[in-house]
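Here full-length UniProt numbering is used: position 49 in the sequence shown is 49, and no number is missing along the way. Just so it is clear, CB atoms sit at the ideal spot from N, CA and C, and this is done for glycine as well. Note that the structure is a prediction, hence the values are computed from the model and not measured.
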Amino acid sequence: MGDSLVLIAERSNPKRSFLLVSTVLGKHVPVAGARCRLAGLTLGLVVAGDPRAAAAQEALLGTDAAAIERCCAELTATPAAPTEPIVVIGFAETATALGEQVAAGADAVWWQTTTRRAEGAAGLPFAEVHSHAPEQWVLAPAGGWPDGVMVLVDDELSTGATAARLVEAIHGVSPRERYVVAALVDSRPDGADGPLDATAAALGARIDVIALERRGPTPDRPAGWSGGTLPQTPAQPPTRHAVVREVEVTCPGPRQHAGQDRSQRLAFAQAAAATPVRDLGAGALVLGTGEHLAAAQHHAAALGALTSSTTRSPVLVAGSDGYPITAGLAFANPDGPGVPGYAYNVRAGSRPAVVVHFPDREHRERGEDLLAALARDGARELIAVTMA
1 MGDSLVLIAE
11 RSNPKRSFLL
21 VSTVLGKHVP
31 VAGARCRLAG
41 LTLGLVVAGD
51 PRAAAAQEAL
61 LGTDAAAIER
71 CCAELTATPA
81 APTEPIVVIG
91 FAETATALGE
101 QVAAGADAVW
111 WQTTTRRAEG
121 AAGLPFAEVH
131 SHAPEQWVLA
141 PAGGWPDGVM
151 VLVDDELSTG
161 ATAARLVEAI
171 HGVSPRERYV
181 VAALVDSRPD
191 GADGPLDATA
201 AALGARIDVI
211 ALERRGPTPD
221 RPAGWSGGTL
231 PQTPAQPPTR
241 HAVVREVEVT
251 CPGPRQHAGQ
261 DRSQRLAFAQ
271 AAAATPVRDL
281 GAGALVLGTG
291 EHLAAAQHHA
301 AALGALTSST
311 TRSPVLVAGS
321 DGYPITAGLA
331 FANPDGPGVP
341 GYAYNVRAGS
351 RPAVVVHFPD
361 REHRERGEDL
371 LAALARDGAR
381 ELIAVTMA
């Protein structure tokens with residue numbers, strides 16, 4: 001696979017023109033489900049101080065698919081035994097499943113931020129200013145905030161500003177002595193106090209940073225980029241022609257927006273992995289939608305399939321050697337009216353099947369344009385999995 005966990009792509013965003021494309025996250029480019037889960041499990045071991053982390057990372061960076069699957073299964077069955085309680089929050093929309101994997105590796109409570117505030121639900125607002133969904137919330141737990149070290153999980157850390165804002169929000173209602181910011185990649189500048197240092201000093205708290213890879217800051221426009229194009233939604237999308245098989249999966253316990261303790265998290269994982277869709281053939285793709293990634297990744301790992309996800313991020317598609325985004329689809333996002341939706345490197349026509357996971361019936365009803373885009377891309381078999 002290579003030693004780096006990220007490649008660089010260009011996106012249409014005046015706030016930040018580049019995107020660090022993870023080779024293990026299962027968001028913007030397809031990746032084997034077991035490798036995707038192993039990345040987060042490994043980060044969870046590091047968070048918990050488990051000595052198996054080094055061997056897990058060696059397997060993650062290797063090319064032995066069987067070793068990756070064995071390591072993923074072992075860590076899923078025998079997570080770390082942390083010396084203090086840990087509460088994990090994954091950032092929407094990119095790192096929701098990564099947060100679940102870190103929680104699984106560290107044997108922790110799992111939460112995620114959300115861009116979809118539930119009507120009437122109490123929540124802590126904060127901003128992710130460089131995102132295409134800058135307004136986010138953490139929904140307040142009905143039973144009160146759990147004790148323990150608060151671990152905020154993102155796929156990459158470029159400045160720490162978003163994590164600092166969430167630390168400030170949480171500290172205002174449930175202060176604690178120590179916070180951890182965990183990421184696959186830390187690309188903050190060396191030798192300069194940043195937002196996390198300033199926040200720690202202002203709050204009188206400790207904020208540690210943990211990452212699987214440390215790299216320097218990414219220039220705003222790296223050399224070698226050449227004119228990519230943004231995927232476009234057809235003016236009049238044709239009627240979908242591919243046959244869609246519908247499957248419903250019951251979600252046990254609360255959704256991850258409201259927090260899941262260990263038993264609830266395990267029940268969710270087991271239900272997702274047991275999705276009654278099997279024997280799809282080599283190269284099948286399990287596609288998450290928006291924030292709803294964890295179920296798709298569990299299912300892909302159980303199938304031995306690839307996984308990726310839809311996204312709001314408008315990334316440019318190009319055919320340059322080494323450029324990570326080489327194909328793209330655009331469609332109306334199942335998240336709601338006026339929200340753009342994209343999926344990259346899907347190549348549905350080259351796959352025996354594409355499975356799309358929706359978080360609820362409402363998103364499934366709004367997912368017709370996504371399914372039509374996959375049909376136009378040549379999908380031979382489409383399976384829509386709805387969590388009920």
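Original post:
Going straight from the alpha carbon of residue 390 to that of P314, what length do you get?
Top reply: Residue 390 is absent from the structure shown; the chain starts at 1 and stops at 388.
Original post:
Exposed or buried, what is A55 when buried is set at 16 or more other beta-carbons lying within 10 Å of its beta-carbon?
Top reply: exposed
**OP:** Could you tell me which residues DSSP puts in a beta bridge with T326?
**Re:** In DSSP, T326 forms no bridge with anything.
Original post:
In chain order, what residues of the same chain have a beta carbon less than 7 angstroms from the beta carbon of A34, not counting five sequence neighbours either side?
Top reply: I68, E69, C72 and A301
Original post:
Quick one, which of A163, L43, G123 and G227 has its alpha-carbon nearest S320's?
Top reply: G227
Original post:
Any idea if S263 is buried or exposed, counting beta-carbon neighbours within 10 angstroms, 16 or more meaning buried?
Top reply: exposed
Subject >> Those residues which DSSP pairs with G341 across a bridge >> reply: F331
**OP:** Look at V98 and L25 and say whether their C-beta atoms are less than 9 angstroms apart.
**Re:** According to the sequence provided, residue 98 is Leu. The question's Val does not apply to it. Between L98 and L25, the gap from beta carbon to beta carbon is short of 9 angstroms.
Subject >> Spatial distance of Q112 from A140 (CA atoms) >> reply: 11 angstroms
Original post:
What's the C-alpha gap between S350 and A379?
Top reply: 8 angstroms
Subject >> Residue span of the alpha helix (DSSP H) that contains E100, given as start and end >> reply: Residues T96 to A106.
**OP:** Might you give, ordered along the chain, the residues of its own chain that have their beta carbon closer than 8 angstroms to the beta carbon of residue 457, omitting 5 neighbours on each side?
**Re:** No answer is possible for residue 457: the residues shown for the chain start at 1 and end at 388.
Subject >> Candidates I89, L45 and E93: closest to P82 by CA position >> reply: L45
**OP:** Apply the 10 Å Cβ neighbour rule to E10 and answer buried if 16 or more other Cβ atoms are within range, or exposed otherwise.
**Re:** Classification for E10: buried.
Original post:
Grouping DSSP H, G and I as helix and E and B as strand, with all else coil, what is R361?
Top reply: helix
Subject >> Bridge partner(s) assigned by DSSP for P125 >> reply: W137
Original post:
Are I207 and A182 close, meaning C-beta to C-beta below 9 angstroms?
Top reply: no
**OP:** Starting from the C-beta of T199, find all residues in its chain whose C-beta is less than 7 angstroms away, skip the five residues before and the five after it, and write them out in chain order.
**Re:** A164, V167, E168 and I207
Subject >> Nearest-angstrom beta carbon gap, P79 and V109 [assumed within contact, 8 angstroms] >> reply: Contact doesn't hold; Cβ gap of about 13 angstroms is too wide.
Subject >> Inter-residue spacing [alpha-carbon to alpha-carbon] between L19 and F91 >> reply: 16 angstroms
Original post:
What separation, rounded to the nearest whole angstrom, lies between the Cα atoms of A373 and W137?
Top reply: 30 angstroms
Original post:
Buried or exposed: which applies to V185, given that a residue is buried once 16 or more other Cβ atoms fall within 10 Å of its Cβ?
Top reply: buried
Subject >> Selection from P217, V88, P189 and L370 that minimises the alpha carbon distance to Y344 >> reply: L370
**OP:** Can you tell me which of P125, A273 and G304 puts its alpha carbon nearest to the alpha carbon of A65?
**Re:** G304
Original post:
Run through DSSP, which three-state label would residue 471 get?
Top reply: The structure shown does not extend to residue 471, since the chain is modelled only from 1 to 388, so the question has no answer here.
**OP:** Sort L7, S158, V149 and A161 by Cα distance to S174 and report the nearest one.
**Re:** V149
Original post:
Among residues of its own chain, excluding the 5 on either side of D360, which ones have a beta-carbon nearer than 8 angstroms to its beta-carbon?
Top reply: The answer, listed in chain order, is T386, M387 and A388.
Original post:
Is the shortest distance between the beta-carbon of A53 and the beta-carbons of chain B less than 9 angstroms?
Top reply: No chain B appears in the structure shown, which is made up of a single protein chain.
Original post:
V355 and H299: beta carbons closer than 9 angstroms?
Top reply: yes
Subject >> Those runs of the beta strand (DSSP E) which lie wholly inside the stretch 139 to 163 and span at least 3 residues >> reply: 149 to 157
Original post:
Is the beta carbon of R376 less than 9 angstroms from the beta carbon of P340?
Top reply: no
Subject >> T162 to F126 span [Cα, whole Å] >> reply: Rounded to the nearest angstrom, the two C-alpha atoms are 8 angstroms apart.
Original post:
Along the chain, where does the alpha helix (DSSP H) that runs through F268 open and close?
Top reply: R262 to A273
**OP:** Might you give, ordered along the chain, the residues of its own chain that have their beta carbon closer than 6 angstroms to the beta carbon of E100, omitting 5 neighbours on each side?
**Re:** W110 and A294
**OP:** Figure out for me which residue from E291, A296, H292 and T233 has the closest Cα to the Cα of A274.
**Re:** A296
Subject >> Coil, strand or helix - A384 by DSSP >> reply: The answer is strand: DSSP assigns A384 an E or B state.
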